[in-house]
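**Q**
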């Protein structure tokens, strides 16, 4: 009886995805390298330096969109009716498929893109010191900004993974639409709860109490909110993605 | 080997595609699954592979439900769909990235078949015609050496020489451990290849017999004047060929197309003769 979770099969499955998308990966990385290089250069032209804040601002401008596109690309076979027969009948279990997709689209992508971005950033800085006489400061990979960006992507990526596995056409647009509708839904729900619970304090009387409370609520999550959004939401979406794969029919 | 029990299926807002289908497939046989267009042949294949969920009933391969799509079950079967696309890769890369998942895959057999199909390993799949892509997938499917091989309309897209080449290759690939199920509506393409015939009509199995049973009980050919009255089925388009109860006549080659049409026109009559 074959094992349902085999690390070597996961590695082979990732290799398969990478081989299939080799062309798209190279193109994507080249385009994002050029964009990142230009963003860094423009930043240095302004104030003759590239701070870690500025660099990771540029980094996230490329890291997020490219990561989302990569997530959709690795799920292409799953949704294509002409490809999914052979894809779904490959001897790989659902656990292995979801693990491989996540490792590939989050961990390997983050590692690969980070190394590339640091290299491009260094190169841009060298060019910047020559052209603009900018300061040369070695950007730290382990700065708080970097980990914030990577952590945010850890939360965002599984949402797009579920979107990539759920929709067959206009997948990115539909995922964004669902996110927008959910966001508005949450906003209205929170507004109603807030109004009902705090009405007696005169929050809608035109005084600044209401807007202060809203400001605070947008920055300061409750303990439950921190746990839910920070630790549970990402894995929860991965669980949803697991069932999407498991229940997929052709 | 493969058992389907009370299999029932319909697509949303459509008539039933399969109504309580019971089938057993054993190793060492090549099964022909026939039926008119839209009678559920492809659906049955997808249900067998676990790519669709039955409304009722189940399919088991070596006793394990195929719907669970467990690694062991998927290692034991390979499905070649009717309409498919292959990635834009050289043939050898396609083999390399997919063969690792099949423990009994034979690279030697694969490249022998590729050569027999007049393709070569460095050829880019995206530049091949649909028929050539089908040959790549057929070669890959045969080289996986899975106990169960399912082919849905495999001869669609193949030219006439390739069809006979396909028959020859498939006939040489069968052994006692393998079961091959071929679904098609082009009955003639499987001439002299299959040894068991299953016909689907009106969402049910209306015929399920081995060809040895058929040739023992029925006779195919042009009737003499004495036995014209005993004709079970005839069609003028077949050059006056008919189906007769064999009785004391010499054994004849089974005419698949004639048998298929005969069964569709009167399944009870032919089935009752085969039962006796």
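Chains as they are written, first to last, in this note's numbering: chain L, 1 to 250; chain G, 251 to 526.
Where a beta carbon is used, it is the ideal one built from N, C-alpha and C, also for glycine.
Mind reading off the beta-carbon distance from residue 400 of chain G to residue 298 of chain G? Whole number of angstroms is fine, and I expect it under 8 Å.
**A** Working through the second chain from its first residue, we reach residue 400 of chain G at position 150. Working through the second chain from its first residue, we reach residue 298 of chain G at position 48. Sure, about 6 Å apart at Cβ, within 8 Å.
**Q** By Cβ distance below 8 Å, which residues in the same chain neighbour residue 482 of chain G in space, the five residues on each side in sequence not counted?
**A** Residue 482 of chain G sits at position 232 when you count from the first residue of the second chain. The residues are 468, 492, 493, 494, 495, 512, 516, 519, 520 and 523.
**Q** Relative to the C-alpha of residue 380 of chain G, which residue among G:461, G:456, G:321 and G:406 is closest?
**A** As a working mapping, residue 380 of chain G is identified with position 130 in the second chain. Cα-wise, what sits closest to residue 380 of chain G is G:406.
**Q** Flag this pair as touching only if the region 325–337 of chain G and the region 285–304 of chain G have three or more C-beta atom pairs under 8 Å; answer yes or no.
**A** yes
**Q** Just by C-beta distance, which residues in the region 268–295 of chain G are closer than 7 Å to chain L?
**A** none
**Q** If I measure Cβ to Cβ from residue 384 of chain G and keep anything under 6 Å in the same chain, skipping five residues before and after, which residues do I get?
**A** As a working mapping, residue 384 of chain G is identified with position 134 in the second chain. Excluding sequence neighbours, residue 384 of chain G sits near 407.
**Q** Any C-beta of chain G within less than 7 Å: which residues of the region 95–111 of chain L qualify?
**A** none
**Q** Whose CA, out of L:14, L:247, L:41 and L:155, lies closest to the CA of residue 74 of chain L?
**A** Against the first chain, residue 74 of chain L aligns to sequence position 74. Ranking L:14, L:247, L:41 and L:155 by Cα distance to residue 74 of chain L puts L:14 first.
**Q** Hey, out of L:234, L:10, L:195 and L:244, whose CA is closest to residue 351 of chain G's CA?
**A** Looking up residue 351 of chain G in the second chain gives position 101. The residue with the shortest Cα to Cα distance from residue 351 of chain G is L:10.
**Q** Assuming residue 62 of chain L is part of the alpha helix (DSSP H), what are its boundary residues?
**A** Along the first chain, one-based indexing puts residue 62 of chain L at 62. Counting along the chain, the alpha helix (DSSP H) containing residue 62 of chain L begins and ends at 52–74.
**Q** Assuming residue 454 of chain G and residue 269 of chain G form a contact by the criterion Cβ under 8 Å, report the distance between their Cβ atoms to the nearest whole angstrom.
**A** As a position in the second chain, residue 454 of chain G is number 204, starting the count at 1. As a position in the second chain, residue 269 of chain G is number 19, starting the count at 1. Confirmed, about 5 Å.
**Q** Show which residues of chain G have a CB atom less than 9 Å away from the CB atom of residue 83 of chain L.
**A** If you number the first chain from 1, residue 83 of chain L lands on position 83. Simply 334, 335, 336 and 337.
**Q** Which value, in whole angstroms, describes the spacing of the CA atoms of residue 398 of chain G and residue 444 of chain G?
**A** Residue 398 of chain G sits at position 148 when you count from the first residue of the second chain. Residue 444 of chain G sits at position 194 when you count from the first residue of the second chain. About 15 Å.
**Q** Could you check which residue in G:312, G:472, G:300 and G:266 has the C-alpha nearest to that of residue 429 of chain G?
**A** To locate residue 429 of chain G, count along the second chain from 1; it is residue 179. Ranking the options by Cα distance to residue 429 of chain G, first place goes to G:312.
**Q** Go ahead and label residue 102 of chain L buried or exposed: buried means 16 or more other beta carbons lie within 10 angstroms of its beta carbon, across all protein chains shown.
**A** Numbered from 1 along the first chain, position 102 holds the residue referred to as residue 102 of chain L. So residue 102 of chain L counts as buried.
**Q** Quick check for students: name the residue ranges of the alpha helix (DSSP H) that lie wholly in the region 338–391 of chain G, counting only runs of 4 or more.
**A** 341–349 and 357–366
**Q** With 16 as the cutoff for other CB atoms within 10 Å, does residue 104 of chain L come out buried or exposed?
**A** What you label residue 104 of chain L is simply residue 104 of the first chain in a count that begins at 1. It is buried - the Cβ of residue 104 of chain L has at least 16 other Cβ atoms within 10 Å.
**Q** Grouping DSSP H, G and I as helix and E and B as strand, with all else coil, what is residue 310 of chain G?
**A** Counted from its first residue, the second chain places residue 310 of chain G at position 60. Strand at residue 310 of chain G.
**Q** Taking 8 Å as the CB-CB cut-off, is residue 325 of chain G touching chain L?
**A** In the second chain, counting from the first residue as 1, residue 325 of chain G sits at position 75. True, the Cβ-Cβ gap to chain L drops below 8 Å.
**Q** What residues in the region 234–249 of chain L bring their beta carbon closer than 7 Å to a beta carbon of chain G?
**A** Per Cβ criterion, the list reads 249.
**Q** Could you give the uninterrupted runs of the alpha helix (DSSP H) lying entirely in the region 275–340 of chain G, keeping only those of 4 residues or more?
**A** 291–299 and 321–325
**Q** Just reading off the alpha helix (DSSP H) that residue 238 of chain L is part of, what are its end residues?
**A** The sequence position of residue 238 of chain L within the first chain is 238, counting from 1. Start and end: 233–246.
**Q** Within the continuous alpha helix (DSSP H) that includes residue 118 of chain L, where are the two ends?
**A** To locate residue 118 of chain L, count along the first chain from 1; it is residue 118. Start and end: 109–131.
**Q** So which residues of chain G does residue 93 of chain L contact, with C-beta pairs closer than 9 Å?
**A** Along the first chain, one-based indexing puts residue 93 of chain L at 93. By Cβ distance, chain G contributes 319, 320, 321 and 324.
**Q** Quick check on residue 287 of chain G: buried or exposed, where buried means 16 or more other Cβ atoms within 10 Å of its Cβ?
**A** By one-based count along the second chain, residue 287 of chain G stands at place 37. Looking at its Cβ environment, which holds fewer than 16 other Cβ atoms inside 10 Å, residue 287 of chain G is exposed.
**Q** For the structure I just gave you, are there three or more beta carbon pairs, one from the region 28–43 of chain L and one from the region 114–134 of chain L, closer than 8 Å?
**A** yes
**Q** How many whole angstroms separate the CB atoms of residue 66 of chain L and residue 93 of chain L, which I take to be in contact at a CB cut-off of 8 Å?
**A** Counted from its first residue, the first chain places residue 66 of chain L at position 66. Counted from its first residue, the first chain places residue 93 of chain L at position 93. About 29 Å separates the two Cβ atoms, so there is no contact after all.
**Q** Taking 8 Å as the CB-CB cut-off, is residue 256 of chain L touching chain G?
**A** Residue 256 of chain L cannot be examined here, being either before or after the span of chain L that is shown, 1 to 250.
**Q** Hey, out of G:258, G:285, G:282 and G:266, whose CA is closest to residue 272 of chain G's CA?
**A** The residue given as residue 272 of chain G occupies position 22 in the second chain. When only C-alpha atoms are compared, the closest one is G:258.
**Q** Which residues in chain G sit within 8 Å of residue 133 of chain L, going by Cβ to Cβ distance?
**A** Position 133 of the first chain holds residue 133 of chain L. Chain G residues near residue 133 of chain L: none, gap ~47 Å exceeds 8 Å.
**Q** Assess, as a yes-or-no matter, whether the region 129–140 of chain L is touched by the region 46–64 of chain L under the definition of 3 or more beta carbon pairs within less than 8 Å.
**A** yes
**Q** What residues in its chain sit with their C-beta under 7 Å from that of residue 439 of chain G, if we drop five residues either side in the sequence?
**A** Here residue 439 of chain G corresponds to residue number 189 of the second chain, with the count starting at 1. Hits under 7 Å: 405 and 413.
**Q** Taking the straight line between their C-alpha atoms, what separation do you get for residue 5 of chain L and residue 486 of chain G?
**A** As a working mapping, residue 5 of chain L is identified with position 5 in the first chain. As a working mapping, residue 486 of chain G is identified with position 236 in the second chain. Roughly 60 Å between the two C-alpha positions.
**Q** Count the other CB atoms within 10 Å of the CB of residue 375 of chain G; is the residue buried (16 or more) or exposed (fewer)?
**A** Your numbering for residue 375 of chain G matches position 125 in the second chain. Flag for residue 375 of chain G reads buried.
**Q** Is any beta-carbon of chain G found at less than 8 Å from that of residue 1 of chain L?
**A** By one-based count along the first chain, residue 1 of chain L stands at place 1. Chain G, which has a Cβ nearer than 8 Å to the Cβ of residue 1 of chain L, makes this yes.
**Q** Identify the continuous beta strand (DSSP E) that holds residue 258 of chain G and give its terminal residues.
**A** Taking the second chain and counting its residues from 1, one reaches residue 258 of chain G at position 8. For residue 258 of chain G, the uninterrupted beta strand (DSSP E) run begins and ends at 252–259, by DSSP.
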